[in-house]
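If you read the sequence shown in our numbering, its first letter stands for residue 1, the second for the next number, and so on.
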Amino acid sequence: MPLAVLAGLGGEAVAGWAAGRMRDFAPPGGGNPIAVPAAALAIVVAVLWAGFLPLIRTEGQEAWGARYDHRFAREALAKIPERSIVLTHVPTMFLVWGRGAISPNVAISDQPLVWDLMQRYRGHVYFHWGYWCNTKGDGNRQICGEIARKYELEPAAQAREQDYEYGLYKIRFK
Numbered sequence: 001m002p003l004a005v006l007a008g009l010g011g012e013a014v015a016g017w018a019a020g021r022m023r024d025f026a027p028p029g030g031g032n033p034i035a036v037p038a039a040a041l042a043i044v045v046a047v048l049w050a051g052f053l054p055l056i057r058t059e060g061q062e063a064w065g066a067r068y069d070h071r072f073a074r075e076a077l078a079k080i081p082e083r084s085i086v087l088t089h090v091p092t093m094f095l096v097w098g099r100g101a102i103s104p105n106v107a108i109s110d111q112p113l114v115w116d117l118m119q120r121y122r123g124h125v126y127f128h129w130g131y132w133c134n135t136k137g138d139g140n141r142q143i144c145g146e147i148a149r150k151y152e153l154e155p156a157a158q159a160r161e162q163d164y165e166y167g168l169y170k171i172r173f174k
């Protein structure tokens, strides 16, 4: 935020300076003296910004796991009934696609709710083993491991990319 404020103040100072220098070139009818400097400033910004255009669309290797998980999850949804619910670390991804989804923490902390979901969705309760189950952070892996210990996981879709495993599993009580 402070950088944006400083940039605005700098832009105002440059525009003011340019307006003072351009008074001699103002339109004879008493037009807006700031129009020419503002247009010049806009052109300078556009020219400087154009140098970054090739970098904007470049996809680096940084988020390959999350991108693959997104593609996998989208394809895996075609293999399960529309009236199903998915336990996932990223419920919004499934909700945007029109599917029911909740946090996987529910499967650990509130097993009666999972039982209720199995009744409501006629057994079509799935667990999404995705990007967050593969991260180096122990918290997320611990949740996934606990679900694997507490429930039977029947594969509906599985994939592997580099050293990450992805899966969509139908869950049942052991």
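A virtual CB, placed ideally from N, CA and C, is assigned to each residue, including glycine.
In this text, all values refer to a predicted model and were calculated from it rather than measured experimentally.
Inset, instruction - Between the Cα of glutamate 82 and those of Leu95, Ala40, Phe72, spot the shortest distance and give me the residue it belongs to. - result: Just measuring C-alpha positions, the residue of Leu95, Ala40, Phe72 sitting nearest glutamate 82 is Leu95.
Inset, instruction - From the DSSP output, in three-state form, read off isoleucine 108 for me. - result: The answer is helix: DSSP assigns isoleucine 108 an H, G or I state.
Inset, instruction - Could you check what DSSP says for tyrosine 131 in three-state terms: helix, strand or coil? - result: If DSSP states are grouped into helix, strand and coil, tyrosine 131 belongs with the helices.
Legend entry - Rounded separation between glutamate 59 and arginine 67 - CA only: Straight across, the Cα-Cα distance linking glutamate 59 with arginine 67 is about 10 Å.
Inset, instruction - Put tyrosine 121 into one of helix, strand or coil per three-state DSSP. - result: Here tyrosine 121 sits in coil by DSSP.
Inset, instruction - Tell me whether valine 90 sits in a helix, a strand or coil according to DSSP, three-state version. - result: Per DSSP, reduced to three states, the secondary structure at valine 90 is coil, with no helix or strand assignment.
Inset, instruction - Using beta-carbon positions only, say whether phenylalanine 127 and isoleucine 147 come within less than 8 Å of one another. - result: Their beta carbons are under 8 Å apart, which means phenylalanine 127 touches isoleucine 147 by this criterion.
Inset, instruction - Please name the residue in Ala40, Cys133, Arg122 whose C-alpha comes closest to that of isoleucine 80. - result: Comparing Cα positions, the closest option is Arg122.
Legend entry - Within 8 Å, strictly: CB atoms of glycine 100 and valine 86: Cβ distance < 8 Å, so glycine 100 and valine 86 count as in contact.
Legend entry - DSSP state of phenylalanine 173 mapped onto helix, strand, coil: Collapsing the DSSP output to three states places phenylalanine 173 in a strand.
Inset, instruction - Quickly, what does DSSP pair glycine 100 with across the bridge? List them, please. - result: In the DSSP assignment, glycine 100 forms a beta bridge with Ile85.
Legend entry - proline 155 to proline 112 span [Cα, whole Å]: Rounded to the nearest whole angstrom, the C-alpha separation of proline 155 and proline 112 is 23 Å.
Legend entry - Nearest candidate by alpha-carbon position, reference glutamate 62, set Thr135, Ala13, Ala42: Selected option, being the one with the closest Cα: Thr135.
Inset, instruction - Ignore the nearest five residues each way along the sequence and tell me which others in isoleucine 108's own chain have a CB closer than 8 Å to its CB. - result: The answer, listed in chain order, is Ile143, Glu146, Ile147, Lys150.
Inset, instruction - Along the beta strand (DSSP E) that carries arginine 160, what are the first and last residues, could you check? - result: Here the beta strand (DSSP E) through arginine 160 covers 151–161.
Legend entry - Helix, strand or coil at glycine 167 according to DSSP, with G and I counted as helix: Secondary structure at glycine 167: strand, using DSSP grouped into helix, strand and coil.
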